[in-house]
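To keep things clear, I will list the structure first and then write my remarks on it.
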Amino acid sequence: EAGVAQSPRYKIIEKRQSVAFWCNPISGHATLYWYQQILGQGPKLLIQFQNNGVVDDSQLPKDRFSAERLKGVDSTLKIQPAKLEDSAVYLCASSSTGEGQPQHFGDGTRLSIL
Amino acid sequence: AQSVTQLGSHVSVSEGALVLLRCNYSSSVPPYLFWYVQYPNQGLQLLLKYTTGATLVKGINGFEAEFKKSETSFHLTKPSAHMSDAAEYFCAVRLSGGYNKLIFGAGTRLAVHP
Numbered sequence: 001e002a003g004v005a006q007s008p009r010y011k012i013i014e015k016r017q018s019v020a021f022w023c024n025p026i027s028g029h030a031t032l033y034w035y036q037q038i039l040g041q042g043p044k045l046l047i048q049f050q051n052n053g054v055v056d057d058s059q060l061p062k063d064r065f066s067a068e069r070l071k072g073v074d075s076t077l078k079i080q081p082a083k084l085e086d087s088a089v090y091l092c093a094s095s096s097t098g099e100g101q102p103q104h105f106g107d108g109t110r111l112s113i114l
Numbered sequence: 001a002q003s004v005t006q007l008g009s010h011v012s013v014s015e016g017a018l019v020l021l022r023c024n025y026s027s028s029v030p031p032y033l034f035w036y037v038q039y040p041n042q043g044l045q046l047l048l049k050y051t052t053g054a055t056l057v058k059g060i061n062g063f064e065a066e067f068k069k070s071e072t073s074f075h076l077t078k079p080s081a082h083m084s085d086a087a088e089y090f091c092a093v094r095l096s097g098g099y100n101k102l103i104f105g106a107g108t109r110l111a112v113h114p
């Protein structure tokens, strides 16, 4: 089966600019996750969707980050305006519903803020 | 609150030697536990998972982990390291309740030298 697809792989922007990331999950996976992974740390969940509804966005900096999952398939994550501390790898993952279902990760987008 | 602690941010072994990566968790309910591996510039790949049943779990690439409730541990082992095992390894625990949310440890970077 095709894996989780993310684009772009790399992005360099200046602070205060905006940026958007795209994710296409594994076909049939109802749950989609966006993580932020800062260098030297484990991934931190930003937002979780069940179909096209948000079920957890408790760690999403809502003053600058937004995400949507229209039609319950693809998703976009946006940062506007970007800050230096947003430099990180943004990972998208998806999973089937059900207890203990593993999350499958894309290769991520590496964001550098100048 | 549930959490994951990985002891040792860097582990170095010789090729052919035993690999032991340590993970301790805190959870108020029986946990679901996962080990993921991350190669450079890639996303996370599932190595193995523990949900219920047998406490010794076998995963891909010759890795296995043992769930020890009394020690709240889920250490990852491999009898004989290969050069290709050099990567970052993350332990994760699924939070109780909610929608399959994972908490990740900070990761352990494994180096394998000839």
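Chains as they are written, first to last, in the working numbering: chain Z, 1 to 114; chain H, 1 to 114. Positions of the beta carbon are idealized from the N, C-alpha and C atoms, including for glycine.
Please list, in chain order, the chain H residues whose beta carbon lies closer than 9 Å to that of residue 91(Z).
43 and 44
Cα-Cα, which of 17(H), 64(H), 8(H) and 11(H) is closest to residue 82(H)?
17(H)
Measure the beta-carbon distance from residue 78(Z) to residue 20(Z) and round it to whole angstroms, keeping in mind my assumption that it falls under 8 Å.
5 Å
Extent of the continuous beta strand (DSSP E) to which residue 69(H) belongs:
Here residue 69(H) belongs to no beta strand (DSSP E), and DSSP marks it neither H nor E.
DSSP three-state assignment for residue 86(Z), whether helix, strand or coil:
helix
Give the secondary structure of residue 71(Z) by DSSP, where H, G and I count as helix, E and B as strand, and everything else as coil.
helix
DSSP three-state assignment for residue 16(H), whether helix, strand or coil:
coil
Between the segment 99-108 of chain Z and the segment 3-17 of chain Z, do three or more beta carbon pairs fall short of 8 Å?
yes
Residue 8(H) by DSSP, collapsed to three states: which one?
coil
Chain Z contact residues for residue 100(H), given Cβ-Cβ distances below 7 Å:
31, 95 and 101
8 Å Cβ cutoff met for residue 56(Z) and residue 78(H):
no
Whose C-alpha, out of 9(Z), 50(Z) and 34(Z), is nearest the C-alpha of residue 61(Z)?
34(Z)
Between the Cα of residue 88(H) and the Cα atoms of 14(H), 22(H), 29(H) and 38(H), which residue gives the shortest distance?
38(H)
Against residue 68(H), what residues of chain Z qualify as contacts under a CB-to-CB distance less than 8 Å, listed in chain order?
None at all; the shortest Cβ gap to chain Z is about 19 Å.
To the nearest angstrom, how far is it from the Cα of residue 88(Z) to the Cα of residue 2(H)?
24 Å
Show which residues of chain H have a CB atom less than 9 Å away from the CB atom of residue 65(Z).
Within chain H, no residue comes near residue 65(Z); the closest Cβ sits about 18 Å away, beyond 9 Å.
Per DSSP, cross-strand counterpart(s) of residue 56(Z):
48(Z)
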